[in-house]
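Everything below concerns the one structure shown next.
Residue numbers (this note's numbering): 15 to 128.
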């Protein structure tokens, strides 16, 4: 496997692992340092949702990087596509943040303080 493909596969997992560690630490020590990184994670998730939904990409597409680059280049060729991408990512990042704040965080707090 080529190093670039391996890096592409590892970065989302390492990002998630780092965010979970920071989140756990912030919960233990009651330090709100995880918030900016949590928004980064939500943005990364929104980008993944967009790529899967509109470009129909999945994890197997990284096995052919040339085709993946061609598909990305073709899709993002116009300003309209880049605008839709930015709008989608911003709105879904905000949506994921709201859902976390309204649903997930209270559930986690109630389970933790039980």
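Ideal Cβ placement from N, Cα and C applies to all residues, glycine included.
Residue 123 carries a helical assignment under DSSP once its states are collapsed to helix, strand and coil. Excluding sequence positions up to five before and after residue 71, its CB lies within less than 8 Å of the CB of 65, 82 and 85, all in the same chain and listed in chain order. In this structure, DSSP gives residue 90 a state outside helix and strand, which the three-state scheme calls coil. For residue 68, the enclosing alpha helix (DSSP H) stretches over residues 49-68. Measuring C-alpha to C-alpha distances from residue 108 to each of 58, 90 and 96 identifies 58 as the nearest.
In this structure, residue 56 places its C-beta atom within 8 Å of the C-beta atom of residue 110.
Distance between residue 76 and residue 95, taken at the CA atoms: about 22 Å. Annotated three-state conformation of residue 72 is coil, per DSSP.
With respect to the 8 Å criterion, residue 106 and residue 60 are classified as neighbours on the basis of their beta carbons.
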